Ligand SMILES: [Zn+2]
Ligand SMILES: [Zn+2]
């Protein structure tokens, strides 16, 4: 089920990914909280089966680390604390 939404509470204004309460930057595109175009996004409600994948990211710049639960893996690219690019050591086994 999909529905268009402009509810940006707790979401990035640029890529629409959910943000934590204490995140200062979007971890997926590096956009500071409160910035972005805030265009309507498609709110996708999908059925989730099985345990979510948990990934731990650590910022090499400020040392901030956080856990991410995300279906299909995680693609965080930026530290939510300082906005620095994050280097992940995720294997890509296809
Ligand atoms: Zn974003
Ligand atoms: Zn950082």
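Numbering (our numbering), first residue to last: 1 to 94.
All C-beta atoms, glycine included, are put in the ideal place defined by N, C-alpha and C.
Note that the structure is a prediction, hence the values are computed from the model and not measured.
Could you give the distance in angstroms between the alpha-carbon of residue i and the alpha-carbon of residue j?
i          : j          : result
residue 82 : residue 62 : 7 Å
residue 23 : residue 77 : 14 Å
residue 69 : residue 29 : 17 Å
residue 91 : residue 38 : Unreliable positioning characterises residue 91 in this predicted model, as indicated by a pLDDT of 49, which lies under 50. The coordinate reading is nonetheless provided below. Straight-line Cα distance between these residues: approximately 33 Å.
residue 54 : residue 66 : 10 Å
residue 27 : residue 56 : 13 Å
residue 75 : residue 42 : 19 Å
Starting from the Cα of residue i, find the closest Cα among the options and give me that residue.
i          : options        : result
residue 36 : 80, 14, 24     : 14
residue 40 : 85, 75, 6      : 6
residue 58 : 11, 85, 19, 3  : 85
residue 80 : 33, 25, 32, 60 : 25
residue 33 : 16, 4, 12, 18  : 12
DSSP three-state label for residue i, please.
i          : result
residue 91 : Reliability of the predicted coordinates at residue 91 is poor, the pLDDT of 49 falling under 50, and the value obtained from them is presented with this limitation in mind. DSSP places residue 91 in coil when its eight states are reduced to three.
residue 14 : coil
residue 42 : strand
residue 85 : strand
residue 80 : coil
residue 35 : coil
residue 19 : coil
In the DSSP assignment, the beta strand (DSSP E) including residue i goes from what residue to what residue?
i          : result
residue 58 : 54-58
residue 67 : 65-69
Checklist entry - Whose beta carbon lies closer than 6 Å to any heavy atom of ligand 1, going through the chain in order? => result That query returns the following residues: 12, 14, 15, 17, 26, 28, 29, 31.
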